[in-house]
Amino acid sequence: MDVYDAIISRRSIRRFHQRPVRLDILKKCVNAARLAPSAANLQPLEYCIVNDKTLCAHLFEALHWAAYIQPKWTPKETERPTAYIIVLVKDTKNPYYERDVALATENIVLTAEGEGLGTCILCNIERVKIKEVCNIPLTLAVDSVIALGYKAETPVVEDMKDSVKYWRDEKETLHVPKRKLEDVLHLNRFS
Ligand SMILES: Cc1cc2nc3c(=O)[nH]c(=O)nc-3n(C[C@H](O)[C@H](O)[C@H](O)COP(=O)(O)O)c2cc1C
Numbered sequence: 160m161d162v163y164d165a166i167i168s169r170r171s172i173r174r175f176h177q178r179p180v181r182l183d184i185l186k187k188c189v190n191a192a193r194l195a196p197s198a199a200n201l202q203p204l205e206y207c208i209v210n211d212k213t214l215c216a217h218l219f220e221a222l223h224w225a226a227y228i229q230p231k232w233t234p235k236e237t238e239r240p241t242a243y244i245i246v247l248v249k250d251t252k253n254p255y256y257e258r259d260v261a262l263a264t265e266n267i268v269l270t271a272e273g274e275g276l277g278t279c280i281l282c283n284i285e286r287v288k289i290k291e292v293c294n295i296p297l298t299l300a301v302d303s304v305i306a307l308g309y310k311a312e313t314p315v316v317e318d319m320k321d322s323v324k325y326w327r328d329e330k331e332t333l334h335v336p337k338r339k340l341e342d343v344l345h346l347n348r349f350s
């Protein structure tokens, strides 16, 4: 898949088929993260792949989904992600670590998109619980979790009008408002 096509077609996916993701594909995603740009090339990040069924079930309990959708929504048991990549930070004093996380994360989700997978980046997560589930050492901080699996929904992008809030229609299709190009792009000078 062309890089631009992957960028354009990627949407956060929160409903998945229960077909497992091959470990080599998950490792490929982490390899893409490893090679992301890093401020001063300090590379403060590590990654934990979780694909064990029992651990995935425990990890799921530490995640919060789609806060704009009310009443509180969470994937059904038959729609849960089949794998996760936990993004870990070994030096939170590094002033640029969050930028490194963002770049590494984008590499993961685009690599996954190219492999036909859906992903959702999650920061609304219970970090203490996650550390317990995966025995993550004290020296590493949990930044975020990326949920992965084969897509069981097809969200649609729409031009943003008056709200940034994504919403589901009567057919359960997720609509994601994005600011229009002309609203974010400036050419040469502001008039
Ligand atoms: C830093 C960050 C944190 C996010 N945290 C969550 C989260 O905890 N739960 C969730 O369901 N989605 C989460 N998302 C997904 C966003 O809701 C999603 O990216 C946004 O609605 C735009 O949709 P799109 O990814 O399809 O373009 C997060 C995204 C980012 C970039």
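So the sequence shown is residues 160 to 350, counted in the numbering used here.
Where a beta carbon is used, it is the ideal one built from N, C-alpha and C, also for glycine.
Check, Outcome
"Ser303, enclosing beta strand (DSSP E) - first and last residue", "Ala300 to Tyr309"
"Simplified DSSP state of Arg327, which is helix, strand or coil", "strand"
"Range covered by the beta strand (DSSP E) that runs through Val351", "No answer is possible for residue 351: it lies beyond the span of the chain, which begins at 160 and ends at 350."
"Anticipated Cβ contact below 8 Å, Val268 with Ile280, distance rounded", "7 Å"
"Residue from Thr270, Asn347 and Leu218 with nearest C-alpha to Arg286", "Leu218"
"Inter-residue spacing [alpha-carbon to alpha-carbon] between Pro254 and Leu201", "11 Å"
"Ligand 1 heavy atom lying under 6 Å from the CB of Arg170", "yes"
"Beta carbon of Ile208 nearer than 7 Å to that of Leu185", "yes"
"Cβ-heavy atom distance, Cys207 to ligand 1, below 6 Å", "no"
"Pairwise C-alpha distance: Ile166 and Lys337", "14 Å"
"Beta-carbon proximity list for Val162, same chain, < 8 Å, skipping 5 on both sides", "Leu269"
"Collapsed DSSP secondary structure at Asp318 in the structure displayed", "strand"
"Spatial distance of Val316 from Ala216 (CA atoms)", "30 Å"
"Gly358 (DSSP reduced to helix, strand or coil)", "Coverage of the chain is limited to positions 160 through 350, which leaves residue 358 absent and any answer about it impossible."
"Rounded separation between Thr278 and Ser350 - CA only", "39 Å"
"Where Leu344 sits in the DSSP three-state scheme", "coil"
"Any non-hydrogen atom of ligand 1 within 6 Å of Trp326 CB", "no"
"Contacts around Thr233, its chain only, beta-carbon distance under 6 Å, and the 5 residues preceding and following it disregarded", "Trp224"
"Given Cys282 as reference, the closest of Val246, Ala263, Leu307 and Arg181 once Cα atoms are compared", "Val246"
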